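As you go down the protein sequences, you meet chains A and B in turn. Just so you know, we're using full-length UniProt numbering here: the first sequence kicks off at 1 and counts up by one. Just so you know, we're using full-length UniProt numbering here: the second sequence kicks off at 1 and counts up by one. Working notes, structure below.
Protein chains: 2
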Amino acid sequence: MSKSNDFIQYFLSHRTVTNELIEKIGTEHVNYQPTPTSMPARKLVNHMLKSFYQFTAAAAKQEPKQLFDQEEDASLTELAETYTSETKKLIEAMSDEDFSETVDLTEMLGVKLPAEKVLNLAMDHEIHHKGNLFVYVREMGHTELPMFVKQGG
Amino acid sequence: MSKSNDFIQYFLSHRTVTNELIEKIGTEHVNYQPTPTSMPARKLVNHMLKSFYQFTAAAAKQEPKQLFDQEEDASLTELAETYTSETKKLIEAMSDEDFSETVDLTEMLGVKLPAEKVLNLAMDHEIHHKGNLFVYVREMGHTELPMFVKQGG
Numbered sequence: 001m002s003k004s005n006d007f008i009q010y011f012l013s014h015r016t017v018t019n020e021l022i023e024k025i026g027t028e029h030v031n032y033q034p035t036p037t038s039m040p041a042r043k044l045v046n047h048m049l050k051s052f053y054q055f056t057a058a059a060a061k062q063e064p065k066q067l068f069d070q071e072e073d074a075s076l077t078e079l080a081e082t083y084t085s086e087t088k089k090l091i092e093a094m095s096d097e098d099f100s101e102t103v104d105l106t107e108m109l110g111v112k113l114p115a116e117k118v119l120n121l122a123m124d125h126e127i128h129h130k131g132n133l134f135v136y137v138r139e140m141g142h143t144e145l146p147m148f149v150k151q152g153g
Numbered sequence: 001m002s003k004s005n006d007f008i009q010y011f012l013s014h015r016t017v018t019n020e021l022i023e024k025i026g027t028e029h030v031n032y033q034p035t036p037t038s039m040p041a042r043k044l045v046n047h048m049l050k051s052f053y054q055f056t057a058a059a060a061k062q063e064p065k066q067l068f069d070q071e072e073d074a075s076l077t078e079l080a081e082t083y084t085s086e087t088k089k090l091i092e093a094m095s096d097e098d099f100s101e102t103v104d105l106t107e108m109l110g111v112k113l114p115a116e117k118v119l120n121l122a123m124d125h126e127i128h129h130k131g132n133l134f135v136y137v138r139e140m141g142h143t144e145l146p147m148f149v150k151q152g153g
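Okay, structure coming up:
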C-alpha cells in the first residue's frame, strides 16, 4: 500500500470520530465553553479542521486554499465536510517520495521536519483536541459517544 | 538512532505533559468528574498510566508486573513516576527487530498487530485521554497549562 493510502486510513480513523462529535453539537451549543479561558466549541472545531488542512498543505508543499468566503456563515457540519475532503485530496496527491521531503516550518513552529513528521504532528494535534471535544460534548448532555478511534473504518 | 530511543523520545514528549497535569490535581479534586457519566480524575489517570504500561508489555512480549501492593494507597504522583519509569524500561529493552514482531492482542482488541503499531496505538490512547485531562484540570481552576506536547524534551 502506498504511504498516502496508509496515512489516509489513519487520518480517517480519527477524523470520522471528530466529525461524529461535531454532528452532536447543536446550534445552541456552538459557543459553549467549559471555563472562561477555554476555547468555545465552534472555535475549537474550526481550529482542529483548519490546522490539519494547513499542516497537510505545508507537508504537500501546496498553497492552502481559501475554502470559504465567509467561514462564519457555514455550519460546523459544512466546515467538517469541506475541510475533511480537501485535506484528503492533498494527501492523495502525495507520492511516497514526498513523505521524505524536508518541510520548512520555521515560521509556524521554528523547525524543519520531514513531511511525514509534519503529518504525524497534525494527527497528534487532532487527537489531542478531539480528546478535549469529547468532554465538551459530554457536558452538552450527550452520553452515547463513539470510541476515540474507528478501527478499519 | 535505535527505534527504542526514538520511541522513548516520542513517549516522553507527551508523558512529561501528562505528568505535569497530574501534579496539578489537588487531593480535593481526585474524584472530580465533569459529568456523572465521566471517569473521575483518579480513575482517568490510572487508566492512562496502566493502559500504556500494559500495551507496552504486550508489545515487548513481557509479563506486566504488579507495580503496587495497594494501588489505591498511592498518590497520583507516585503512580505517575512508577508507571512512567517502568514503561520506559520495557521500551529500552526492545531491539529494532522486536518492533516488527507480531503481537497477539486477540483478547484485548480482537486483532494481531506488529509491536510498532501496538506502541503507536498506546500513544494515540495517551494523547486522547491527555486531551480529556486538559479540560478536567482547567475546570479545577488552573489556567496556566503546558503545550499539548513538549518538543525536544
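Virtual Cβ for every residue (Gly too), placed ideally from N, Cα, C. Given the structure is predicted, the values throughout are model-derived calculations rather than measurements.
Within the stretch 66–127 of chain A, ranges of the beta strand (DSSP E) (whole runs, at least 3 residues): Runs of the beta strand (DSSP E) spanning 3 or more residues and lying entirely within the stretch 66–127 of chain A occur at 102–105, 111–114, in chain order.
Should B/N5 be labelled buried (16 or more other beta-carbon atoms within 10 Å of its own) or exposed? The residue labelled residue 5 of chain B in the question sits at position 5 within the second sequence. B/N5 counts as exposed, since fewer than 16 other beta carbons sit within 10 angstroms of its beta carbon.
Within 10 angstroms of the Cβ of residue 156 of chain A, are there 16 or more other Cβ atoms? Answer buried if so, exposed if not. The structure shown does not extend to residue 156 of chain A, since chain A is modelled only from 1 to 153, so the question has no answer here.
Quick one: Cα of A/D9 to Cα of B/M123, how far? For the purposes of this step, residue 9 of chain A is taken as residue 9 along the first sequence, with counting starting at 1. For the purposes of this step, residue 123 of chain B is taken as residue 123 along the second sequence, with counting starting at 1. Sequence inspection shows Gln at residue 9 of chain A; the Asp mentioned does not correspond to that position. If you take the alpha carbons of A/Q9 and B/M123, they lie about 17 Å apart.
Secondary structure of B/G153, DSSP reduced to three states: Residue numbering aside, residue 153 of chain B sits at position 153 when the second sequence is read from its first letter. Low local confidence applies: a pLDDT of 43 at B/G153 is under 50, so the model's placement there is unreliable, and no value is given.
Cα-Cα separation, A/T37 to B/E20: By 1-based counting over the first sequence, the position of residue 37 of chain A is 37. By 1-based counting over the second sequence, the position of residue 20 of chain B is 20. C-alpha separation (whole angstroms): 19 Å.
Distance between beta carbons of A/V135 and A/I25, contact taken as under 8 Å: Against the first sequence, residue 25 of chain A aligns to sequence position 25. Against the first sequence, residue 135 of chain A aligns to sequence position 135. The beta-carbon separation of A/I25 and A/V135, rounded to 13 Å, does not stay under the 8 Å limit for a contact.
Any beta-carbon of chain B closer than 8 Å to the one on A/V45? Residue numbering aside, residue 45 of chain A sits at position 45 when the first sequence is read from its first letter. Not closer than 8 Å to any Cβ of chain B, the Cβ of A/V45 fails to qualify, so no.
Near A/E23, which residues of its chain fall below 7 Å by C-beta distance, leaving aside the five closest residues on each side in sequence? Locating residue 23 of chain A in the first sequence gives position 23, where the first residue counts as 1. Excluding residues within five positions, the ones whose Cβ falls inside 7 Å are T77.
Any beta carbon of chain A sitting closer than 8 Å to that of B/F134? Translated into the one-based positions of the second sequence, residue 134 of chain B becomes position 134. Among the CB atoms of chain A, one or more fall inside 8 Å of the CB of B/F134.
Less than 8 Å separating the beta-carbons of B/A58 and B/L121? Numbered from 1 along the second sequence, position 58 holds the residue referred to as residue 58 of chain B. Numbered from 1 along the second sequence, position 121 holds the residue referred to as residue 121 of chain B. Result no, Cβ atoms of B/A58 and B/L121 do not sit closer than 8 Å.
Proximal chain A residues relative to B/T84, where beta-carbon distance stays under 8 Å: By one-based count along the second sequence, residue 84 of chain B stands at place 84. Neighbourhood of B/T84 in chain A, by CB distance below 8 Å: empty, with the nearest CB roughly 18 Å away.
Based on Cα-Cα distance, which residue from B/E72, B/T27, B/E81 lies nearest to B/Y53? Counted from its first residue, the second sequence places residue 53 of chain B at position 53. Ranking the options by Cα distance to B/Y53, first place goes to B/E81.
From A/T27, A/R15, A/K65, residue whose alpha carbon lies closest to that of A/S75: For the purposes of this step, residue 75 of chain A is taken as the residue at position 75 of the first sequence. When C-alpha distances from A/S75 are compared across A/T27, A/R15, A/K65, the shortest belongs to A/T27.
Residue of A/L113, A/I91, A/E107, A/H129 minimising C-alpha distance to A/E101: For the purposes of this step, residue 101 of chain A is identified with residue 101 of the first sequence, where counting begins at 1. Residue A/L113 is the option with its Cα nearest to A/E101.
Given B/E92, which residues of its chain have a CB within under 8 Å of its CB, disregarding the five upstream and five downstream residues? The residue labelled residue 92 of chain B in the question sits at position 92 within the second sequence. Closer than 8 Å at the Cβ level, and outside the excluded window around B/E92, lie S4, I8.
Given that A/E139 touches chain B, what residues does it touch there, using C-beta distances under 7 Å? For the purposes of this step, residue 139 of chain A is taken as residue 139 along the first sequence, with counting starting at 1. Residues of chain B whose Cβ lies closer than 7 Å to the Cβ of A/E139 are, in chain order, P34, T35.
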